[in-house]
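Written below as structure tokens is the structure these notes are about.
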DNA sequence: GATACATGTGTAATCGATTAACTACTGCGC
DNA sequence: GCGCAGTAGTTAATCGATTACACATGTATC
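Protein chains in written order, with our numbering: chain A, 36 to 356; chain B, 36 to 356.
Right under this line is the structure:
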């Protein structure tokens, strides 16, 4: 910057003003400065700028698993929304581990992100408290924690789950296996609670860990126990369950019905296509980013509750209903 | 930091020494400083540190599309490798747009990443030159550019493609449709060149844009033109092609054979399972990160060329061979 | 007891920007 | 010709760390 100033025959203050679009500099001075910048290929140091202004124009996003298309879509939406407001997004991959999650959150805080979006790995509120104590704007996404005091953005699947339950029971299923998320995540608990309530006693629940492998294992166990329908609470576990069904040579929906939480672009390619509860991932991501930006700007955004929708495709024997 | 120093009754220099594990401070002083840090909940400002040390312990990764599982896996692997060396990764999503790619690269440079991993959207070398001119360590991943002078990490599918071509021709296909990547990407051109050479005249090529939609369109066109086999050069376009096949009610492999570049966890679930050329994504990501770290440490890593493997599953009528 | 040397700590410059406070100049009215 | 307002630009403090150098103290050597 000093070089640019010298080159243009002005002071660094003037260069800075030109850079930041202040009113002061003469068009003629501005011209000279811009020429010098161009000539020297000068690019301002964002670190120095942020240090001085205490604003990094960056949001942190800590998600459980980048390989899960559900989170990838959310990440993508967050990024789009953030970019359209001049913010960057730094993504941290917690790998469904609370420890790694904490590490990433701290790293992002050390780098002074202007705000943080978090999909908490567990419902333990201590990390959230830590962030809030630091005064950093925080929005929770997809999952919440016990006693959360910050805005939360999530999708409500209650209606879809209830409707799904009615259909399954109506179709005569009397042993319905539920492959749920971990009981220490809000989504794991809530979705399961709603569904089992709606199923009224015909459900048996196995908890997985939101990973493919746990889906196969849970499916194996439930099928062994005589389940004639499976409801899987996450797309990766759904992948595992479908693999197990295929490995056993079972016919969907004749031998076993299946429905999965989270839609995937390849579900319609299966035979029969998979019935899902689709979450509005793009809207969730955008809404979360908007809430966070509002918080950063000193407003107090409300919680956002979007609706997940049941999409009937055939894997629950819809044709027969 | 001043507060911590005051609290511990020492100077900021001593606090800094304790923080950085210098030999100097007495165990007793160190103890006092650590206590003060603990008590005040102090966390060092990474921006200030980086400004002073000119090292951010951060790698930039600019990829074409986060929603493409191929790149998501790579990102994941890069991150793992980087983290194990104490580095963070900032991911930028170029969305297959050269313009957005350039924007991201510049943003990352402005933030003074210690090195950059790039999956170039086109083979135009100007952006690469710009980075090199800035003296920032750079490694290309998956794709290269014309006259690249930096290390490149990629997977070689020549052998797999040749072997696939032999099988298709051997199975009697005489009209083979190739859904290729954009001709201005190295992967788009090279894979197509190898395959068409091996097919020797029975191939007709349509270029897509590495997106699902272009896959369906290309498949539609090729099928209309009488293709009895499709080779798709990327998993998203493969998804589109499979959708088109399904929409037309064609049977795989009886009516049409298909093979896809890039494996996906759900390919084995289809009926028949999809034959693929699988790239070693995790190894590619890790190798790229290692090359970049080597470059940062002043070494001159060689290009890395991994091998993509043909995985026969049935969608090309392998049973009949 | 003076000299040299090691050791632990403090002082202050520095990284590259922003910006408040100040100075210099121009032009205008009386 | 003087004062005043307004504008364009400079000087220097600042953000929060690191680190070369200076300094004070304690120990070893002759």
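Note that CB positions come from ideal geometry on N, CA and C, so glycine has one too.
Keep in mind the model is a prediction, meaning the values are calculated, not measured.
Q) Taking the DSSP output, what are the residues bridged to residue 325 of chain B? A) Position 290 of the second chain, counted from the start, is the residue given in the question as residue 325 of chain B. None, per the DSSP bridge assignment.
(Q) When you measure from the CB of residue 168 of chain B to every non-hydrogen atom of the ligand NAD, does any distance come out below 6 angstroms? (A) The ligand NAD is not part of the structure shown, which contains no ligands of any sort.
Q. Exposed or buried, what is residue 207 of chain A when buried is set at 16 or more other beta-carbons lying within 10 Å of its beta-carbon?
A. The residue you call residue 207 of chain A lines up with position 172 of the first chain. Exposed, because fewer than 16 other Cβ atoms sit within 10 Å of the Cβ of residue 207 of chain A.
Q: Spatial neighbours of residue 85 of chain B within its chain, please: CB distance less than 6 angstroms, with the 5 preceding and 5 following residues excluded, ordered by chain position.
A: Along the second chain, one-based indexing puts residue 85 of chain B at 50. Counting only Cβ-Cβ distances below 6 angstroms, and skipping sequence neighbours, we find 91.
Q) Would DSSP call residue 209 of chain B helix, strand or coil? A) Reading the second chain from its first residue, position 174 is the one you call residue 209 of chain B. Looking at residue 209 of chain B - three-state DSSP - the assignment turns out to be coil, as it is neither helix nor strand.
**Q.** Check whether residue 188 of chain A and residue 319 of chain A have beta carbons under 7 angstroms apart
**A.** By one-based count along the first chain, residue 188 of chain A stands at place 153. By one-based count along the first chain, residue 319 of chain A stands at place 284. The Cβ-Cβ distance between residue 188 of chain A and residue 319 of chain A falls below 7 angstroms.
Q. Among residues of its own chain, excluding the 5 on either side of residue 237 of chain A, which ones have a beta-carbon nearer than 8 angstroms to its beta-carbon?
A. Here residue 237 of chain A is taken as the residue at index 202 of the first chain, counted from 1. 204, 208, 209, 210 and 211.
Q: Reducing DSSP to helix, strand and coil, say where residue 109 of chain B ends up.
A: Along the second chain, read from residue 1 onward, the residue named residue 109 of chain B stands at position 74. In the three-state scheme derived from DSSP, where H, G and I count as helix and E and B as strand, residue 109 of chain B is classed as helix.
Q) Alpha carbon to alpha carbon, how far is residue 349 of chain B from residue 343 of chain B? A) By 1-based counting over the second chain, the position of residue 349 of chain B is 314. By 1-based counting over the second chain, the position of residue 343 of chain B is 308. Rounded to the nearest angstrom, the two C-alpha atoms are 18 angstroms apart.
Q. CA-CA distance, residue 295 of chain A and residue 222 of chain A?
A. Reading the first chain from its first residue, position 260 is the one you call residue 295 of chain A. Reading the first chain from its first residue, position 187 is the one you call residue 222 of chain A. Approximately 14 angstroms, taken between the alpha carbons.
Q | Neighbour-count burial assignment, residue 336 of chain B, 16 or more Cβ in a 10 Å radius | A | Residue mapping note: residue 336 of chain B aligns to position 301 of the second chain, counting from 1. Classification for residue 336 of chain B: buried.
Q.
Whether or not the segment 67 to 76 of chain A and the segment 125 to 138 of chain A are in contact is what I'm after, with contact meaning three or more pairs of Cβ atoms, one per stretch, closer than 8 angstroms; do they touch?
A. When C-beta atoms of the segment 125 to 138 of chain A are compared with those of the segment 67 to 76 of chain A, fewer than three pairs fall below 8 angstroms, so the two segments do not count as touching.
(Q) For residue 47 of chain B, count the other beta carbons within 10 Å of its own beta carbon; 16 or more makes it buried, fewer makes it exposed. Which is it? (A) Mapped onto the second chain, residue 47 of chain B falls at position 12. Around the C-beta of residue 47 of chain B, fewer than 16 other C-beta atoms lie within 10 Å, and the residue is accordingly described as exposed.
Q. By DSSP, does residue 340 of chain A sit in helix, in strand, or in coil?
A. The residue given as residue 340 of chain A occupies position 305 in the first chain. Of the three classes helix, strand and coil, the one that applies to residue 340 of chain A here is strand, per DSSP.
Q: With a floor of 3 residues, list each beta strand (DSSP E) that falls wholly inside the segment 134 to 174 of chain B, ordered by position along the chain.
A: Counting only runs of 3+ residues, the beta strand (DSSP E) found wholly inside the segment 134 to 174 of chain B occupies 150 to 153, in chain order.
**Q.** Integer Cβ distance of residue 214 of chain B from residue 243 of chain B, believed to fall under 8 angstroms
**A.** Locating residue 214 of chain B in the second chain gives position 179, counting from the first residue. Locating residue 243 of chain B in the second chain gives position 208, counting from the first residue. The C-beta distance from residue 214 of chain B to residue 243 of chain B rounds to 5 angstroms, short enough to meet the 8 angstroms contact threshold.
Q) Quick one: Cα of residue 53 of chain A to Cα of residue 40 of chain A, how far? A) Here residue 53 of chain A corresponds to residue number 18 of the first chain, with the count starting at 1. Here residue 40 of chain A corresponds to residue number 5 of the first chain, with the count starting at 1. Cα to Cα, the separation comes out at about 11 angstroms.
Q. Using the rule of at least 16 other Cβ atoms within 10 Å of the residue's Cβ for burial, across every protein chain shown, is residue 355 of chain A buried or exposed?
A. Counted from its first residue, the first chain places residue 355 of chain A at position 320. Any reading at residue 355 of chain A needs caution, since the residue's pLDDT is 46, under 50, leaving its predicted position unreliable; the model's value is listed next. Classification for residue 355 of chain A: exposed.
Q: Measuring alpha carbon to alpha carbon, tell me which of A:103, A:172, A:111 and A:88 ends up nearest residue 98 of chain B.
A: Mapped onto the second chain, residue 98 of chain B falls at position 63. Nearest to residue 98 of chain B by alpha-carbon distance, out of A:103, A:172, A:111 and A:88, is A:111.
Q.
Whether or not the segment 168 to 186 of chain B and the segment 139 to 152 of chain B are in contact is what I'm after, with contact meaning three or more pairs of Cβ atoms, one per stretch, closer than 8 angstroms; do they touch?
A. The way I'd put it, the segment 139 to 152 of chain B does touch the segment 168 to 186 of chain B; three or more beta-carbon pairs between them come closer than 8 angstroms.
Q. How about residue 126 of chain B and residue 102 of chain B: are their beta carbons less than 7 angstroms apart?
A. Within the second chain, residue 126 of chain B is the residue found at index 91, counting from 1. Within the second chain, residue 102 of chain B is the residue found at index 67, counting from 1. No Cβ-Cβ contact shorter than 7 angstroms links residue 126 of chain B with residue 102 of chain B.
Q. In the segment 258 to 325 of chain A, which residue ranges form an unbroken beta strand (DSSP E) of at least 3 residues, counting only runs that do not cross its ends?
A. The DSSP assignment places complete beta strand (DSSP E) segments of no fewer than 3 residues inside the segment 258 to 325 of chain A at 264 to 267, 292 to 296 and 310 to 313, in order along the chain.
Q: For my contact list, residue 217 of chain B and residue 245 of chain B are in at a C-beta cut-off of 8 angstroms; report their separation, rounded to the angstrom.
A: Position 182 of the second chain, counting from 1, holds the residue named residue 217 of chain B. Position 210 of the second chain, counting from 1, holds the residue named residue 245 of chain B. That belief holds up - the Cβ atoms of residue 217 of chain B and residue 245 of chain B are roughly 7 angstroms apart, short of 8 angstroms.
Q) Just checking my contact of residue 229 of chain B with residue 250 of chain B at CB under 8 angstroms: how many whole Å lie between their CB atoms? A) Counted from its first residue, the second chain places residue 229 of chain B at position 194. Counted from its first residue, the second chain places residue 250 of chain B at position 215. Cβ-Cβ separation between residue 229 of chain B and residue 250 of chain B: approximately 20 angstroms, too far for a contact (criterion under 8 angstroms).
Q: Check whether the Cβ of residue 114 of chain B lies closer than 7 angstroms to any Cβ atom in chain A.
A: The sequence position of residue 114 of chain B within the second chain is 79, counting from 1. Chain A, which has a Cβ nearer than 7 angstroms to the Cβ of residue 114 of chain B, makes this yes.
Q: Return the CA-CA distance between residue 351 of chain B and residue 158 of chain B, expressed in angstroms with no decimal places.
A: As a first step, residue 351 of chain B must be located in the second chain, where it is residue number 316. As a first step, residue 158 of chain B must be located in the second chain, where it is residue number 123. Spanning the alpha carbons of residue 351 of chain B and residue 158 of chain B requires a straight line of approximately 32 angstroms.
Q: Give me the Cα-Cα distance between residue 58 of chain B and residue 310 of chain B, rounded to the nearest whole angstrom.
A: Here residue 58 of chain B corresponds to residue number 23 of the second chain, with the count starting at 1. Here residue 310 of chain B corresponds to residue number 275 of the second chain, with the count starting at 1. Going by the C-alpha atoms only, they are around 59 angstroms apart.
**Q.** Minimum Cβ-Cβ distance from residue 85 of chain B to chain A less than 7 angstroms
**A.** Numbered from its first residue, the second chain carries residue 85 of chain B at position 50. Output row for residue 85 of chain B: interface = yes.
Q. Is it true that the segment 298 to 312 of chain B meets the segment 299 to 308 of chain A, where meeting means three or more beta-carbon pairs spaced less than 8 angstroms apart?
A. With the cut-off at 8 angstroms, the segment 298 to 312 of chain B and the segment 299 to 308 of chain A touch.
Q | Under 7 angstroms between C-beta atoms of residue 338 of chain B and residue 186 of chain B | A | For the purposes of this step, residue 338 of chain B is identified with residue 303 of the second chain, where counting begins at 1. For the purposes of this step, residue 186 of chain B is identified with residue 151 of the second chain, where counting begins at 1. The Cβ-Cβ distance between residue 338 of chain B and residue 186 of chain B falls below 7 angstroms.
Q: For residue 120 of chain B, I'd like the list of residues in its chain whose CB is within less than 6 angstroms of its CB, leaving aside the five on either flank, ordered along the chain.
A: On the second chain, position 85 is the one that residue 120 of chain B refers to. So the list reads 328, once near-sequence residues are dropped.
Q. If you check the beta carbons only, do residue 323 of chain B and residue 176 of chain B fall under 7 angstroms apart?
A. As a first step, residue 323 of chain B is located in the second chain; it is residue number 288 there, counting from the start. As a first step, residue 176 of chain B is located in the second chain; it is residue number 141 there, counting from the start. In contact: residue 323 of chain B and residue 176 of chain B (Cβ atoms closer than 7 angstroms).
Q. So which residues of chain B does residue 244 of chain A contact, with C-beta pairs closer than 8 angstroms?
A. By 1-based counting over the first chain, the position of residue 244 of chain A is 209. Contact note: residue 244 of chain A does not reach chain B at a C-beta cutoff of 8 angstroms; the least C-beta distance is about 16 angstroms.
Q: For my contact list, residue 233 of chain A and residue 196 of chain A are in at a C-beta cut-off of 8 angstroms; report their separation, rounded to the angstrom.
A: Mapped onto the first chain, residue 233 of chain A falls at position 198. Mapped onto the first chain, residue 196 of chain A falls at position 161. With 8 angstroms as the limit, residue 233 of chain A and residue 196 of chain A qualify as a contact, their Cβ atoms being about 6 angstroms apart.
Q) Would a C-beta distance cut-off of 7 angstroms place residue 114 of chain B and residue 124 of chain B closer than the cut-off? A) Taking the first residue of the second chain as position 1, residue 114 of chain B is located at position 79. Taking the first residue of the second chain as position 1, residue 124 of chain B is located at position 89. Contact flag set, yes.
Q) Among B:66, B:199, B:142 and B:153, which one has its Cα closest to the Cα of residue 179 of chain B? A) Here residue 179 of chain B corresponds to residue number 144 of the second chain, with the count starting at 1. Taking only the C-alpha atoms, the option nearest residue 179 of chain B is B:153.
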